[in-house]
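Numbered per the numbering used here, the sequence shown spans residues 1 to 202. The C-beta atom is built at its ideal place from N, Cα and C for all residues, glycine as well. What follows is one structure encoded as structure tokens, with my remarks underneath.
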Amino acid sequence: MARQKKRSTLYSTGFMIVLTVIVISLLGVLNQVTRPTIQQIEAEQVIAGILNSAGIDYTEENITQVYDENIRLISPDGADLEVYEIVKDGQRDGYVFEYVGGALWGEVQGYIGVDDDLETILGVDIVKNSETPGLGGRITEDWFKDQFAGLPIDATRDFLIYRPNDGGNVDAITGATQTSDAMRRIFNQAIREFVEMMEGVN
């Protein structure tokens, strides 16, 4: 009886080990198969984020061509981040730069576009975030992002202010006060630091 129970336990343990090895192997294969697709999707999200921030229209079919014709990666001396030039008719027409900051539930990453004179926001985009869907996650909605385009830049202060505060020029997300405040802080700081960096380079 004891021998039969021991044999049953060994069988169960062996079965679980074999099953675990099979599952891990399948997950490894699945990871290898899907990795190129995931990398391609992530690369396209970055390209879309840069073009959106530059205010450049594109379609799914021509996104790579539009990017190649209008965007050029540059690295100013002393820069700790990658900066992209917006090119129009062979001339620089503005910049797009990456920002990374902490919001309520984690890191937010995206791009901000500014004109060549560093005086106007061309657009903003958010490519990665961990905010709550339906609340803070609404930072990815067009109405929130689009309201920043065209705003004049004043790098001497926190110039992005939520209504109804004095000098308010943008709207916060209802029910997501902390995420909204985080995005305002991130945008103000990123733009100020970028303008200061570029003025130091030029």
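Would a check of beta-carbon distances place residue i closer than 8 Å to chain D?
i: Tyr99; result: Note that chain D does not occur in the displayed structure, where there is just one protein chain.
Around the C-beta of residue i, are 16 or more other C-beta atoms found within 10 angstroms, so that it is buried, or is it exposed?
i: Asp125; result: buried
i: Ile173; result: buried
i: Leu26; result: exposed
Assuming residue i and residue j are in contact, meaning their beta carbons sit under 8 Å apart, how far apart are those beta carbons, in whole angstroms?
i: Ala190; j: Gly113; result: Actually they do not touch by this definition, with Cβ atoms about 12 Å apart.
i: Asp154; j: Tyr162; result: Rounded, the Cβ-Cβ distance is 16 Å, inconsistent with contact.
i: Asn70; j: Val87; result: 6 Å
i: Val66; j: Ile56; result: 6 Å
In its own chain, which residues sit with a C-beta less than 7 Å from the C-beta of residue i, not counting the 5 before and 5 after it?
i: Ile186; result: Tyr99, Gly101 and Val108
i: Asp158; result: Asn188
i: Leu104; result: Glu131, Gly136, Gln178, Thr179 and Ala182
i: Asp116; result: Arg92, Asp93 and Gly94
i: Gly90; result: none
i: Phe144; result: Arg138 and Ile173
i: Gly175; result: Leu135
By Cβ distance below 6 Å, which residues in the same chain neighbour residue i in space, the five residues on each side in sequence not counted?
i: Tyr209; result: Only positions 1 to 202 of the chain appear in the structure, and residue 209 is not among them; the question remains open.
i: Arg184; result: Leu160
Using only the alpha-carbon positions, how far apart do residue i and residue j sit?
i: Leu73; j: Thr120; result: 20 Å
i: Gly106; j: Gly28; result: 28 Å
i: Thr20; j: Phe148; result: 51 Å
i: Tyr11; j: Val18; result: 11 Å
i: Leu81; j: Asn31; result: 30 Å
i: Gly200; j: Ile139; result: 31 Å
i: Glu44; j: Arg192; result: 28 Å
i: Met16; j: Ile24; result: 12 Å
In the DSSP assignment, what are the bridge partners of residue i?
i: Thr120; result: Pro152
i: Val87; result: Arg92
i: Asp115; result: Gly94
i: Tyr162; result: Val170
i: Asp125; result: Tyr111
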